[in-house]
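**Q**
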Amino acid sequence: MVLRRRKQVGDEWQLVEEMVQWEASETAIIVCDMWAEHPCKMAELRVDRMAPRMNEVLSLARDHGVAIVHSPSSGIKYYEDTPYRARMKEAVHAEPSVPIQGWCYLNEEHEPPLPIDDSVTRGEAIVRGCDDPHPKHYPDSDRHQHPAIKMIGYDGVSDNGQEIFNFLEQEGRKNIVIMGVHTNMCVLGRPFGIRQQVYLGKNVVLCRDLTDALYDPRDRPYVSHARGVELVVEHIEKHWCPTILGSMLTHVVPGSADAPEDGSTS
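In terms of the working numbering, the sequence shown opens at residue 31 and continues consecutively.
#1: In the region 73-155, which residue ranges form an unbroken alpha helix (DSSP H) of at least 4 residues, counting only runs that do not cross its ends?
#2: Let me know if T295 comes out buried or exposed under the rule of 16 or more other beta-carbons within 10 Å of its beta-carbon.
#3: Evaluate the contact criterion for the region 90-110 versus the region 225-244: three or more CB pairs, one atom per stretch, below 8 Å.
#4: Check T295 in the structure and name its three-state DSSP category.
#5: Nearest CA to the CA of V87: which residue from Q51, V61, C134 and N190?
#6: Looking only at its chain, what residues have a beta carbon closer than 6 Å to the beta carbon of N214, apart from the 5 residues adjacent to it on each side?
#7: Excluding five sequence neighbours on each side, which residues of the same chain lie with their C-beta closer than 6 Å to the C-beta of M49?
#8: Taking C-beta to C-beta, are C271 and V235 nearer than 7 Å?
#9: How should Q51 be labelled, buried or exposed, when 16 other C-beta atoms within 10 angstroms of its C-beta is the threshold for buried?
#10: Are the beta-carbon atoms of L240 and M72 separated by less than 7 Å?
#11: What does a CB cutoff of less than 6 Å around A178 pick up in its chain, not counting 5 residues either side in sequence?
#12: Do you know whose CA, among R36, S104 and A54, lies nearest H68's CA?
#13: For E56, which of helix, strand or coil comes out of DSSP?
#14: Step through the CB atoms of chain D and report whether any lies within less than 7 Å of the CB of D162.
#15: Excluding the five sequence neighbours on either side, which residues of its own chain have a C-beta within less than 6 Å of the C-beta of H164, listed in chain order?
#16: Which residue's Cα is closest to the Cα of F222: T273, G202, R117 and V187?
#17: When the distance is taken between beta carbons, is H167 closer than 7 Å to I156?
#18: Closest by CA to D246, which one among H94, E42, I146 and S277?
#19: Where does R225 sit, in a helix, a strand or coil, going by DSSP?
#20: Does DSSP put K37 in a helix, in a strand, or in coil?
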């Protein structure tokens, strides 16, 4: 797996790539806020496009032994009677080395302001950074996880930072991959997001091709939406953690998934 980060050398930032090998049994993927609906309809369209690709990556990673935690914030109530929810609630309590915050705001000691302006609301919308032509207020958006992303097997579902930490510690998962939306908001700030995982000392990476930002090209720095996402990814690579591609989660070291030489399947 190739980790991509950015390192400051003098006045310039240089792209640095590092080849690493993570044990699947020590790795977890957290799927952040991939809702069935979103109050920003352009954002919802991009999630619709991303969800099938994400499910394919999750399916292959799961087969190799990676743990999957689904985190559709504010939609956990829909899963209370499922084994995926029970698995998270029943994980043995683990005491974190630092407090798990309800939200991890921009940390001025760790990072400059984000390279995009995501503070603007337009029209009737309450969502910041929405690039709908005429944003509206959608108070009843469906917070189920997107139906294209399957929850199955030994997966878990939670948006509670302590529950997720308990599960990760219980299962020995020190390597954390974050994917989902939105890069400049929930992916960074949730109690299970990038900032919190860094504070907890986890080996966290962002899956840069399975994420999206809430950014409107009508706002600073007046670039395309795609470039706005890239700028946020670059910010994370500079100040928080490396990034990877989803395809890197679908392959293992040659031979490590082979059947035992004695032909047994157990």
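Glycine is no exception: its CB is placed at the ideal position from the N, C-alpha and C atoms.
Everything numeric in this text was worked out from a predicted model, so none of it was measured.
**A** To lay it out plainly:
#1: Secondary structure within the region 73-155: the alpha helix (DSSP H) runs of 4 or more consecutive residues, fully enclosed, are 113-119 (chain order).
#2: Low local confidence applies: a pLDDT of 47 at T295 is under 50, so the model's placement there is unreliable, and no value is given.
#3: No, they do not touch.
#4: Low local confidence applies: a pLDDT of 47 at T295 is under 50, so the model's placement there is unreliable, and no value is given.
#5: By alpha-carbon distance to V87, the top candidate from Q51, V61, C134 and N190 is V61.
#6: Same-chain partners within the cutoff: L144, D148, A243 and V262.
#7: V32, listed in sequence order.
#8: Taking 7 Å as the cut-off, the Cβ atoms of C271 and V235 count as close.
#9: Classification of Q51: exposed, given that the 10 Å Cβ count is below 16.
#10: No, the Cβ-Cβ distance between L240 and M72 is not below 7 Å.
#11: Closer than 6 Å at Cβ, skipping near neighbours: A81, P82 and N85.
#12: Proximity to H68 across R36, S104 and A54 peaks at S104, based on C-alpha coordinates.
#13: In the structure shown, E56 sits in a helix (DSSP, three-state: H, G or I).
#14: Looking at the structure shown, chain D is missing, and only one protein chain is on hand.
#15: For H164, where only same-chain residues beyond five positions count, the Cβ hits under 6 Å are G153.
#16: Among T273, G202, R117 and V187, the Cα nearest to that of F222 belongs to V187.
#17: Closer than 7 Å, so yes.
#18: Of the listed residues, the one whose Cα sits closest to D246 is I146.
#19: In the three-state scheme derived from DSSP, where H, G and I count as helix and E and B as strand, R225 is classed as helix.
#20: If DSSP states are grouped into helix, strand and coil, K37 belongs with the strands.
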